[in-house]
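Going down the list, the sequences are from chains A and B.
Heads up, this note's numbering is the position in the first sequence plus 156, with the first residue counted as 1.
Heads up, this note's numbering is the position in the second sequence plus 156, with the first residue counted as 1.
The C-beta atom is built at its ideal place from N, Cα and C for all residues, glycine as well.
Worksheet: the structure to be examined is printed underneath.
Protein chains: 2
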Amino acid sequence: MPAVAAVDWGTTRLRVWLIDEAGNVLAERRGDDGLITAQAAGFSTILEGHLVAMGAPEAMPVIICGMAGSRQGWLEAPYVTVPAPIGAILAGAARIPGQRRDIRIVPGLAQRQADAPDVMRGEETQLAGAGLPAKGRHLVCMPGTHSKWVLVEDGAVAAFGTWPTGELFSVLAAHSILRHSLGEQPQPVAPGNPFFRRWCEQALADGGDVTSRLFSIRAAGLLQDLKPDDAAACLSGLLIGGEIASASRRYGKGGSVVLVASGALGALYTEALGLAGLAVRTVDADEAVRAGLIEAARENGMIAGSGVTA
Amino acid sequence: MPAVAAVDWGTTRLRVWLIDEAGNVLAERRGDDGLITAQAAGFSTILEGHLVAMGAPEAMPVIICGMAGSRQGWLEAPYVTVPAPIGAILAGAARIPGQRRDIRIVPGLAQRQADAPDVMRGEETQLAGAGLPAKGRHLVCMPGTHSKWVLVEDGAVAAFGTWPTGELFSVLAAHSILRHSLGEQPQPVAPGNPFFRRWCEQALADGGDVTSRLFSIRAAGLLQDLKPDDAAACLSGLLIGGEIASASRRYGKGGSVVLVASGALGALYTEALGLAGLAVRTVDADEAVRAGLIEAARENGMIAGSGVTA
């Protein structure tokens, strides 16, 4: 019997899972009614629509993570300032007032250092579900539009940073002079692509300096007859290699990294992290957010259990 | 009496000067009929229109530099491969066939190194007009949409590189998440702006790694109430500082640089190069391209003189 609904509510999509008292997933449902749609249609209306369709009991509590907790979302769940223990972050979920159900949103994280301000919202829950050991120092990479790197020490977020790698790729491919090199619809880059590897290695050697090589992709099209799909592989390798080199400068080279990712992007990062000489343990991103939401339900007393990933 | 017309013909604008036998400027005319307009209206038609309006004699020769010599231009003036002496580059102007006048276009430059392919078109003429001494090693910075750094050794272009700093600023300001931070119409950044200086210094210290700090501008808006115009100053300082750090990594730190620039952009680069500890000699970009075209007219026997900047 379901005990709690867990919702990952992002900017453009939403996923709902029904979870039983023991933390087992009983049902899953996906929708494209993310933040943008919900701002118009109403968050409560959309959520109830999904819950009714899944046959969820009326009084069942709901735990949410993601952009639904932002200033433009349902309720702003104030940022928790790091350093902060992961368990305490989850336990600080903000309750939405005036609802029949107990509905809470996991807060995002803020790093308030004057010289490295940063924020995240949604990834803190993935992090909680990544199965990190309770003790020790762990570096976590969560690639995407805005890749997050998180340093976790003894179960607490010590520091984190954002590299807008996915966004840089999209914006440069669509709006910069590189659009002439990459063509209208660049194909997804396949792992093992030799252009990806070579440009990634170069970016790693350049220590995160990527701007010096962007125009070379254009020039290689003019002088070396570089093909559009290969140009896309160059740009991807350059940006991902640059991200890893830059994050390694900040958090220390070598050692190991926990990669929270799925699918083709996960495969590209696995390859790039390997080129950087890092040992990689991969956690599926979808499973991580689900596991993190279950932890959050426990930490907020919605289902039984001790809470805290450990 | 005018002896030659000199034309700087770029993508979006064109400038024409009438030059006498001794290299003096007699008249100037500007138009917004650059490459894009000329592709439709015809290059010959547009050029003759300007020359007639200026009262230029019918048989007078014309020397052109810029994108009019590209594959999408009037005639593709094939790239000269570097290393190459500046005088020889100018002397290799390509003659446009089937014209009553002697009309020639200065070739662009290609760097065909496998790991650092690059091209320029138009800046080679600015370089020729920058008044560099005939001997010695000189580093030249020509900032803009696609900033060029050129290493000149004993009057020859030894190597060059492109940093798409101006384009990165525009594209990120208009199309990335930073548009929320910078606002609709970011004001031009004034020299001495403390945000510009601080972010420039940070980028210089980071050795050209700029991607790690892009998202911090967004976060500073959320956490530190950074204002839109100050956010624009941060982005400008970050990208210009990153360009200088990166170019210094490639061509050597310290020493001096010849800055070929005008107006507000020149003032920002002067400040940033100073923060990097470089001694700066500034050459006005407009004067440089005009002087370079006069040199090109000499090198091609259109007016008297020995040719070669020295």
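On the DSSP letters alone, give me the boundaries of the alpha helix (DSSP H) that residue i sits inside.
i	result
isoleucine 373 (chain A)	367-379
leucine 449 (chain A)	441-455
threonine 193 (chain A)	191-197
glutamine 255 (chain B)	No alpha helix (DSSP H) holds glutamine 255 (chain B); DSSP gives it neither H nor E.
histidine 302 (chain B)	It is not in any alpha helix (DSSP H) - histidine 302 (chain B) carries neither H nor E in the DSSP assignment.
glutamate 177 (chain A)	It is not in any alpha helix (DSSP H) - glutamate 177 (chain A) carries neither H nor E in the DSSP assignment.
proline 350 (chain B)	350-361
leucine 288 (chain A)	Note, leucine 288 (chain A): premise wrong, no alpha helix (DSSP H); not H, not E.
For the beta strand (DSSP E) that contains residue i, what are its first and last residues?
i	result
alanine 159 (chain B)	158-165
histidine 336 (chain A)	Counting along the chain, histidine 336 (chain A) falls outside any beta strand (DSSP E), though it belongs to the alpha helix (DSSP H) covering 335-338.
leucine 391 (chain A)	That residue, leucine 391 (chain A), is in no beta strand (DSSP E); its alpha helix (DSSP H) goes 384-407.
glycine 187 (chain A)	181-187
arginine 260 (chain A)	259-261
For residue i, tell me which candidate among the options has the shortest Cα-Cα distance.
i	options	result
arginine 293 (chain A)	A:Glu309, A:Lys304, A:Gln282	A:Glu309
isoleucine 400 (chain B)	B:Pro299, B:His336, B:Ala314, B:Ala233	B:Pro299
alanine 315 (chain A)	A:Ala197, A:Ala403, A:Leu395, A:Thr367	A:Ala403
aspartate 442 (chain A)	A:Ala159, A:Val181, A:Met157, A:Asp176	A:Val181
asparagine 456 (chain B)	B:Val262, B:Asp164, B:Ala183	B:Val262
arginine 353 (chain B)	B:Pro213, B:Ala212, B:Ala423, B:Ala272	B:Ala423
arginine 186 (chain B)	B:Leu421, B:Ile192, B:Asp176, B:Met210	B:Met210
alanine 474 (chain B)	B:Glu204, B:Glu214, B:Ile192, B:Val238	There is no way to answer for residue 474 (chain B), as the model of chain B reaches only from 157 to 466.
leucine 265 (chain B)	B:Val313, B:Ile219, B:Glu214	B:Val313
aspartate 271 (chain A)	B:Pro344, B:Phe325, B:Ile373, B:Pro253	B:Ile373
phenylalanine 371 (chain B)	B:Arg171, B:Leu338, B:Ala361	B:Leu338
tyrosine 425 (chain A)	A:Lys383, A:Gly363, A:Leu328, A:Gly398	A:Gly398
glycine 254 (chain A)	A:Gln269, A:Pro241, A:Asp274, A:Leu231	A:Leu231
proline 158 (chain B)	B:Val413, B:Glu184, B:Val236, B:Gly322	B:Glu184
glycine 190 (chain B)	B:Gly229, B:His331, B:Lys383, B:Arg277	B:Gly229
leucine 391 (chain B)	B:Ala428, B:Ile252, B:Leu328	B:Leu328
arginine 257 (chain A)	A:Ile333, A:Met216, A:Pro384	A:Met216
isoleucine 202 (chain A)	A:Asp188, A:Arg227, A:Glu214	A:Asp188
glutamate 214 (chain B)	B:Gly205, B:Leu334, B:Gly222	B:Gly205
proline 273 (chain A)	A:Ala240, A:Ala249, A:Gly317	A:Gly317
isoleucine 396 (chain A)	A:Val218, A:Glu279, A:Arg171, A:Gly322	A:Gly322
isoleucine 175 (chain A)	A:Thr168, A:Ala249, A:Val160, A:Pro350	A:Val160
valine 345 (chain B)	B:Ala330, B:Leu421, B:Pro289	B:Leu421
glycine 433 (chain B)	B:Glu340, B:Lys383, B:Ala361	B:Ala361
Which same chain residues, not among the five before or five after residue i, have their C-beta less than 8 Å away from its C-beta?
i	result
proline 99 (chain B)	With chain B represented from 157 up to 466, any question about residue 99 (chain B) goes unanswered, as that position is not in the structure.
glycine 463 (chain A)	Low confidence applies to glycine 463 (chain A): its pLDDT is 47, below 50, so where it sits in the model is not reliable enough to give any reading.
alanine 240 (chain A)	Leu265, Ala312, Val313
leucine 334 (chain B)	Leu328, Leu370, Ile373, Arg374, Ala387, Leu391
arginine 405 (chain A)	Gly363, Gly364
histidine 336 (chain B)	Arg374, Gly377
Might you give, ordered along the chain, the residues of its own chain that have their beta carbon closer than 6 Å to the beta carbon of residue i, omitting 5 neighbours on each side?
i	result
glutamate 357 (chain B)	Leu431
leucine 394 (chain B)	Trp355, Ala359, Val366, Arg369
aspartate 440 (chain B)	Ser418
glycine 461 (chain A)	Arg454
valine 238 (chain A)	Leu265, Gln267, Val313
arginine 251 (chain B)	Arg260
glycine 166 (chain B)	Gly190, Gly222, Met223
valine 280 (chain B)	Here the sequence assigns glutamate to residue 280 (chain B), which means valine is not the residue at that position. Contacts found: Ile245, Leu265.
cysteine 297 (chain A)	Trp305, Val413, Leu415
Who pairs with residue i in a beta bridge, going by DSSP?
i	result
proline 241 (chain B)	B:Ala312
methionine 216 (chain A)	Beta-bridge pairing links methionine 216 (chain A) to no other residue.
histidine 294 (chain B)	B:Val308
alanine 417 (chain A)	A:Asp440
threonine 168 (chain A)	In DSSP, threonine 168 (chain A) forms no bridge with anything.
glutamine 267 (chain A)	A:Asp274
leucine 435 (chain A)	The amino acid occupying residue 435 (chain A) in the given sequence is alanine; leucine does not appear at that position. A:Ser412.
threonine 201 (chain B)	Per DSSP, none; premise fails for threonine 201 (chain B).
arginine 318 (chain A)	At residue 318 (chain A) the sequence reads threonine, which differs from the arginine that was named. Note: threonine 318 (chain A) sits in a beta bridge opposite A:Lys304.
valine 208 (chain A)	Valine 208 (chain A) is not bridged to any residue.
cysteine 469 (chain B)	An answer regarding residue 469 (chain B) cannot be provided, because it is not within the stretch 157 to 466 covered by chain B.
valine 236 (chain B)	B:Leu265
Less than 7 Å between C-beta atoms, sequence neighbours within five positions excluded: which residues of the same chain meet that for residue i?
i	result
lysine 291 (chain B)	Asp310
arginine 446 (chain A)	Ala162, Trp173, Val181, Gly285
tyrosine 407 (chain A)	Leu295, Trp305, Leu307
proline 347 (chain B)	Ala423, Leu424, Glu427
serine 226 (chain A)	Glu232, Arg277
phenylalanine 325 (chain B)	Leu391, Ser392, Leu395
aspartate 385 (chain A)	Pro342, Gln343
tyrosine 235 (chain B)	Pro263, Gly264, Leu265, Ala266, Val275
TODO: Report yes or no: do three or more beta-carbon pairs, one from the segment 360-379 of chain A and one from the segment 411-419 of chain B, lie closer than 8 Å?
DONE: no
Open item on the list: If contact is defined by three or more beta carbon pairs under 8 Å, each pair taking one atom from either stretch, is the segment 244-255 of chain B in contact with the segment 276-289 of chain B?
Closed with: Contact between the segment 276-289 of chain B and the segment 244-255 of chain B is established, with three or more Cβ pairs separated by less than 8 Å.
Open item on the list: Tell me whether the segment 444-461 of chain A and the segment 196-208 of chain B touch, counting them as touching only if at least three CB pairs, one residue from each stretch, are closer than 8 Å.
Closed with: No, the segment 444-461 of chain A is not in contact with the segment 196-208 of chain B.
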